[in-house]
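Beneath this line is the structure, given in structure tokens, with notes to follow.
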Amino acid sequence: MPRIDRMDWAALACCAIAATSAAPVHAQYVNGLSATVEVASDERRRGISWSDGDPVLRGTLSLPVAEGLSLDAAAVSLWGSDRHGGADGVADVGVTYVRQVGGWRLSAEGRYHLFPGSSHQGYGELGAGAGFLIGPASIDLTANYAPTQSSIGGDNLYIAASAAIGVPGTPLTLSARIGRSSGDVDDPARAARLRPDGAYWDHGVSIDYLQDRWFAGLRYANSDIGGPGSAHTGATLIARFGLSL
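Numbering (mature numbering (1 follows the signal peptide of the UniProt record, and there is no 0)), first residue to last: -27 to -1, 1 to 218.
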């Protein structure tokens, strides 16, 4: 059985918090606290499956602590992910700051990704974004940077553009996204976790349904990753269903 270090115990605690948030009473203890629980057919990030193509359970928490500033946590089951050293889950913990400046919505964030069930897999990254409205549509530009860390075999930069529009008179939202991953490599084997074929592009489109506290979605995701590292990176449809608390 893999050794679980102190950082992984912290991740397990985050997983437990997210899981217990399924009871509505937990979302009422702190004014402004929001939470979601959902099931999804895959955990795909930036065109790459983190769950080896298997279904997952996901929980999230967001706690506002000041104007525009929130503490965030998310936990996802990975069931022994080969990509992340046999990790049983991933816990993303961090802080987000959002500010409206004229018609622009500016954001900054810091995240650390912990992997319970596997040692020396955690890594951190910083992000920034800018979004604006054009009529009923929103457009967002984002960048996330993970500085050089041994667990990811170098550094990693991800830039993306996305757009979304609500379908008038319906609870449906259509969205599309394109992104590119790149970075320097110190250890090719470890760098393959996030970039199995070197720098690459990914893209996707989705349709989401929101009615009261219930939500569901269907997303198409793909990438141009090829070669021996292309497992669970090609075209796929991902379904999800969940509840906001």
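Don't be surprised by glycine CBs; every beta carbon is placed ideally from N, CA and C. Note that the coordinates shown come from a computational prediction; the quantities given were computed from them, not determined experimentally.
Alpha carbon of residue i to alpha carbon of residue j, nearest angstrom
| i | j | result |
| --- | --- | --- |
| VAL68 | ASP175 | 26 Å |
| VAL158 | PRO89 | 25 Å |
| GLY58 | ILE138 | 38 Å |
| SER24 | GLU11 | 15 Å |
| TRP187 | ARG213 | 11 Å |
| ASP45 | ARG168 | 26 Å |
| SER54 | ILE198 | 19 Å |
| SER203 | GLY83 | 29 Å |
| ARG150 | ALA39 | 30 Å |
| VAL140 | GLY108 | 12 Å |
| GLY142 | GLY5 | 28 Å |
| VAL74 | VAL66 | 26 Å |
| GLY76 | PRO201 | 45 Å |
| ASP170 | GLY207 | 12 Å |
| SER154 | ALA60 | 23 Å |
Own chain, CB closer than 6 Å to residue i, minus 5 neighbours either side, in chain order
| i | result |
| --- | --- |
| ASP181 | THR146, GLY190 |
| SER148 | ALA137, SER179 |
| ASP27 | TRP52 |
| THR33 | THR9, ALA47 |
| SER35 | SER7, SER43, ASP45 |
| LEU99 | GLY83, TYR118 |
Assumed close pair residue i, residue j - CB separation to whole angstroms, cut-off 8 Å
| i | j | result |
| --- | --- | --- |
| LEU114 | ALA134 | 5 Å |
| SER80 | ALA101 | 7 Å |
| LEU218 | ALA8 | 4 Å |
| residue 276 | ALA110 | An answer regarding residue 276 cannot be provided, because it is not within the stretch -27 to 218 covered by the chain. |
| ARG78 | GLY41 | Wrong, their Cβ atoms sit about 10 Å apart, outside the cutoff. |
| GLY177 | TYR193 | 6 Å |
Contact check, residue i vs residue j, beta carbons under 9 Å
| i | j | result |
| --- | --- | --- |
| TYR96 | HIS86 | yes |
| ALA172 | GLY126 | no |
| residue 219 | THR209 | The structure shown does not extend to residue 219, since the chain spans only -27 to 218, so no value can be given for it. |
| LEU30 | SER43 | no |
| SER196 | ARG19 | yes |
| HIS205 | SER22 | yes |
Neighbourhood of residue i by C-beta, 8 Å cutoff - its chain only, sequence neighbours within 5 removed
| i | result |
| --- | --- |
| PRO144 | TYR182, LEU183, GLN184 |
| ASP128 | TYR118, ALA119, PRO120, THR121, GLN122, GLY156, ASP157 |
| GLY152 | ARG19, GLY20, TYR131, ILE132, ALA133, ALA134, TRP174, ASP175, HIS176 |
| PRO(-4) | For PRO(-4), the pLDDT reaches just 34, beneath the cut-off of 50, and the residue's location in the model is therefore unreliable, although a value from the coordinates is still provided. Excluding sequence neighbours, PRO(-4) sits near LEU218. |
Close-in-space but distant-in-sequence residues of the same chain around residue i (CB under 7 Å, 5 per side omitted)
| i | result |
| --- | --- |
| SER124 | HIS93, GLN94, GLY95, TYR96, ARG163 |
| ILE211 | ALA13, SER14, ASP15, ARG17, ARG192, ALA194 |
| ILE112 | GLY104, PHE105, ALA136 |
| PRO161 | GLY126 |
| PRO37 | GLY5, SER43 |
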